[in-house]
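Here the structure comes first, spelled out in structure tokens, and everything after it is commentary.
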């Protein structure tokens, strides 16, 4: 665990939230964090810091202390620091110890988690707001709560994330929800069993058009347009294709759809290489910010509550490291639930804005996460659920994605829709864990979904895949 994430929670001079204004070296992108403030450190603290807290027991103890203190102050670091400065580190620690059985808490957590097979992990992410829980779990301490030292590694695009995951360079990764299905089946890559225990975000995408196309709001006017999507095996690609086809535009013959890494979307729009894109944020809002694009439609208006990004890892990682995997999944579920609370969104925006994370202006991220945003058409919209966060991986969502992969020719032949969805999307396991953690989980794993007014029944996937006027089957 890094010295940064294991900061002394009783030190009022040290931040535990590494947001946009943080002056530590990690947040400046210039190496490791500065040493722990020594004024409130015991000799053991200093030895731990000097050794990099290599010992997993010491790491877990400090993590639990930090989690407890954060919880006491409602994860409000300003209040924590003010209190610690007023009371002094020793007095504050003694006061907390008099009302909270810290030693028993440490023992209980360690017993429930089991001994972690490994504590130092590398988790990849693509710098978009869909990855909010995976990213914010780092500066806001959700990984350390479960004794994990997680390095979150910024990744240029989804092909890189896939390849590094397949090569074992990433222990786990932020992925698009279709990716672990495709990787397990060997669509677009060598087959390797991957699992997706948690969805990261629902909704949260948009169709953006170049400002020159404000007079072309009808998709029937888009023949010949060039569109960008972040990856072939993405909800962005499948939602764009669905929307175009429902409006009579064949996505394979009437327009061009190109794979463009999200950070390059705005530049390609400005250069005229794209007429529009269906992209993750903050690059939809960034196009408005830079006055080169406008928001034509939020994807929630195509499918309310659709999944987008996810937390995934190889089956091998989970099997070889069951306790570590369990701790990591708990951290992700906790962070996802925290992200879903609207009152936390501004704090999170500041935490994920620095250049080692999203590298975006805080106002751009806040417009996405709070849903109060300029649309590029001269209006300010207020859509609180523009993006939401829900970790439950519905099996029916996995089946729908497979139907679209079949519809557009990404997979061929007979498809075991339910079998593959249930192998990859661990809805049952995640639901049980959510309940254990005190969250509410659905009592079933399948449901119908409505996309542009058409009901999808997961009980009849093959008939659904073949029911469209435009498709490849």
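In UniProt numbering, the protein residues as written are 1 to 473. We treat Cβ as the ideally placed atom computed from N, Cα and C, and that holds for glycine.
As assigned by DSSP and simplified to three states, the class of residue i
| i | result |
| --- | --- |
| residue 50 | Residue placement at residue 50 is flagged as unreliable, the pLDDT there being 41, under the threshold of 50; a coordinate-derived value is accordingly withheld. |
| residue 310 | strand |
| residue 198 | strand |
| residue 366 | helix |
| residue 21 | The predicted position of residue 21 is uncertain, since its pLDDT is 45 and thus under 50; a value taken from the coordinates is nonetheless stated next. It is coil, neither helix nor strand. |
| residue 238 | helix |
| residue 226 | strand |
| residue 91 | helix |
| residue 413 | coil |
| residue 173 | strand |
| residue 151 | strand |
| residue 116 | coil |
| residue 472 | coil |
| residue 259 | strand |
| residue 425 | strand |
| residue 349 | helix |
| residue 265 | helix |
| residue 244 | helix |
| residue 440 | coil |
| residue 33 | No answer about residue 33 holds up, because its pLDDT of 30 lies below 50 and its placement is not dependable. |
| residue 69 | helix |
| residue 217 | coil |
| residue 344 | helix |
| residue 465 | helix |
| residue 396 | helix |
Identity of the residue in the options nearest residue i by Cα
| i | options | result |
| --- | --- | --- |
| residue 343 | 371, 176, 321, 322 | 371 |
| residue 322 | 283, 118, 10, 95 | 118 |
| residue 260 | 124, 234, 442, 99 | 234 |
| residue 127 | 396, 432, 280 | 280 |
| residue 298 | 388, 146, 198 | 388 |
| residue 444 | 333, 458, 96 | 458 |
| residue 145 | 66, 258, 9, 132 | 66 |
| residue 441 | 199, 266, 226 | 199 |
| residue 453 | 184, 243, 231, 411 | 243 |
| residue 456 | 437, 396, 390 | 396 |
| residue 129 | 266, 226, 348, 402 | 348 |
| residue 439 | 330, 381, 367 | 330 |
| residue 197 | 9, 461, 433 | 433 |
| residue 403 | 462, 95, 431, 427 | 462 |
| residue 290 | 345, 210, 224, 314 | 210 |
| residue 385 | 139, 339, 100 | 339 |
| residue 412 | 431, 466, 361 | 466 |
| residue 255 | 283, 391, 294, 219 | 219 |
Which residues DSSP lists as bridging residue i, in chain order
| i | result |
| --- | --- |
| residue 381 | 373 |
| residue 280 | 205 |
| residue 182 | DSSP, once it has assigned bridges, lists no residue as partnering residue 182. |
| residue 449 | 456 |
| residue 297 | 207 |
| residue 387 | 203 |
| residue 125 | 154 |
| residue 360 | In the DSSP output, where bridge partners are listed per residue, residue 360 has none listed. |
Residue i classed as buried or exposed, judged by whether at least 16 other C-beta atoms fall within 10 angstroms
| i | result |
| --- | --- |
| residue 350 | buried |
| residue 307 | buried |
| residue 363 | exposed |
| residue 435 | exposed |
| residue 221 | exposed |
| residue 450 | exposed |
| residue 301 | exposed |
| residue 379 | exposed |
| residue 336 | buried |
| residue 11 | buried |
| residue 86 | exposed |
| residue 114 | exposed |
| residue 174 | buried |
| residue 163 | exposed |
| residue 156 | exposed |
| residue 215 | exposed |
| residue 168 | exposed |
| residue 46 | A caution first: residue 46 carries a pLDDT of 40, below 50, which makes its placement in the model too unreliable to give a value. |
| residue 13 | exposed |
Cβ separation of residue i and residue j, assumed to be a contact under 8 Å, to the nearest whole Å
| i | j | result |
| --- | --- | --- |
| residue 407 | residue 473 | 6 Å |
| residue 292 | residue 278 | Actually they are not in contact, since the Cβ atoms of residue 292 and residue 278 sit about 16 Å apart, beyond 8 Å. |
| residue 208 | residue 296 | 7 Å |
| residue 152 | residue 194 | Not a contact, Cβ separation roughly 19 Å. |
| residue 64 | residue 245 | That belief does not hold up - the Cβ atoms of residue 64 and residue 245 are roughly 52 Å apart, past 8 Å. |
| residue 352 | residue 183 | In fact, because the Cβ distance is near 26 Å, the residues do not count as touching under 8 Å. |
| residue 141 | residue 70 | 6 Å |
| residue 410 | residue 161 | About 18 Å separates the two Cβ atoms, so there is no contact after all. |
Cβ of residue i within 7 Å of any chain D Cβ
| i | result |
| --- | --- |
| residue 311 | Although the question refers to chain D, the structure presented lacks it and comprises just one protein chain. |
Cβ-heavy atom distance, residue i to the ligand HEM, below 6 Å
| i | result |
| --- | --- |
| residue 213 | Annotation note on the ligand HEM: not contained in the displayed structure, which lists no ligands. |
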